[in-house]
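Whatever position you read off the sequence shown (first residue = 1), add 427 for the working numbering. As structure tokens, the structure follows; a few thoughts come after it.
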Amino acid sequence: FARLGEEGVDLFMVDSTNAEVPGFTTPERDISPALERVLAASRQRVIVACFASHVHRVQQVLDAAVAHQRKVVFVGRSMVRNMSVARDLGYLRIPANTLIEQRDIDNYPPEDVVIVSTGSQGEPLSALSRIAHREHPVIELKSGDTVVLASSLIPGNESAVYRVINGLTRLGAHVVHRGNALVHVSGHASAGELLYCYNIVRPRNV
């Protein structure tokens, strides 16, 4: 970026989502200890809901699951599809004998399973919403299970997400989210990073 700045930049277009947030965005790797603590504390199934496009987040969940000798199952059409593509392209590393099929989930003790699911934004037809409302054809939530919402609330989705959290809580799940644990960091640059880039690029317009 600095080299391009020396050549001269007419227009620098940047992400403005976190432009009013001071400092630098927390690195993605910083959520690993929180995931480790969740898995270490849980004696039953752990469900982690995140965006089906967030390959690195899924990799962190996989790494934590393997460290705790747990099998992993992908739930939700987009999650299954995206992770299959990511694996084929070499972006997702899955150790042998880690993945199991959804239909085989009941063949393993609850404490040996991590479910990676869609539905972190409360989408009505997503896997997590169906689980929360006892409408999923395969997965039945048990009291004492842990659900991790590894994402932030997108404005406008609050009511849908809270409905899912309420449903999970009524079923006896322990719900972990950004409000009570570092299980998500933003994917957007904060003001300090934007200013840093601006200063090294020195564009004519921004």
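We treat Cβ as the ideally placed atom computed from N, Cα and C, and that holds for glycine. From a predicted model like this one, the values you see are computed outputs, not experimental measurements.
By how many angstroms is the C-alpha of residue j removed from the C-alpha of residue i?
i    : j    : result
N445 : L555 : 28 Å
V500 : V543 : 6 Å
A468 : L595 : 18 Å
R508 : E433 : 43 Å
R430 : L621 : 17 Å
S443 : M506 : 28 Å
G619 : P537 : 44 Å
N534 : C624 : 51 Å
Q529 : V540 : 11 Å
D437 : N626 : 14 Å
G435 : P630 : 7 Å
V602 : Q471 : 13 Å
P522 : I532 : 18 Å
L576 : S586 : 15 Å
K498 : E562 : 23 Å
H495 : L516 : 26 Å
I566 : Q487 : 23 Å
V441 : F428 : 13 Å
R504 : N584 : 21 Å
N593 : A616 : 31 Å
L598 : D457 : 30 Å
P564 : H481 : 25 Å
Look at residue i and residue j and say whether their C-beta atoms are less than 9 Å apart.
i    : j    : result
H483 : E455 : yes
L552 : A559 : no
F439 : V628 : yes
V633 : D572 : no
L466 : L489 : no
S459 : A479 : no
V493 : T525 : yes
For my contact list, residue i and residue j are in at a C-beta cut-off of 8 Å; report their separation, rounded to the angstrom.
i    : j    : result
T545 : A600 : About 17 Å separates the two Cβ atoms, so there is no contact after all.
S570 : H611 : Not a contact, Cβ separation roughly 25 Å.
For residue i, tell me which candidate among the options has the shortest Cα-Cα distance.
i    : options                : result
S613 : R430, V591, V448, H563 : V448
E550 : L580, V628, E538, V436 : L580
V591 : P582, V574, R605       : V574
V588 : V565, R557, H615       : R557
Q548 : Q486, R561, P522, P582 : P582
V502 : Q496, S511, H495, V441 : S511
R514 : H495, K498, V485       : V485
A461 : V441, H604, R504       : H604
*Continuous beta strand (DSSP E) assignments of at least 3 residues falling wholly in the stretch 465–500*: 473–476
*Identify every run of the alpha helix (DSSP H) within the stretch 546–576, keeping only runs that are complete inside it and at least 4 residues long; order them along the chain.*
554–559
*In the stretch 497–546, which residue ranges form an unbroken alpha helix (DSSP H) of at least 4 residues, counting only runs that do not cross its ends?*
504–515
*Go through the stretch 576–629 residue by residue and report every complete run of the alpha helix (DSSP H) that reaches 4 residues or more, in order.*
585–597, 618–628
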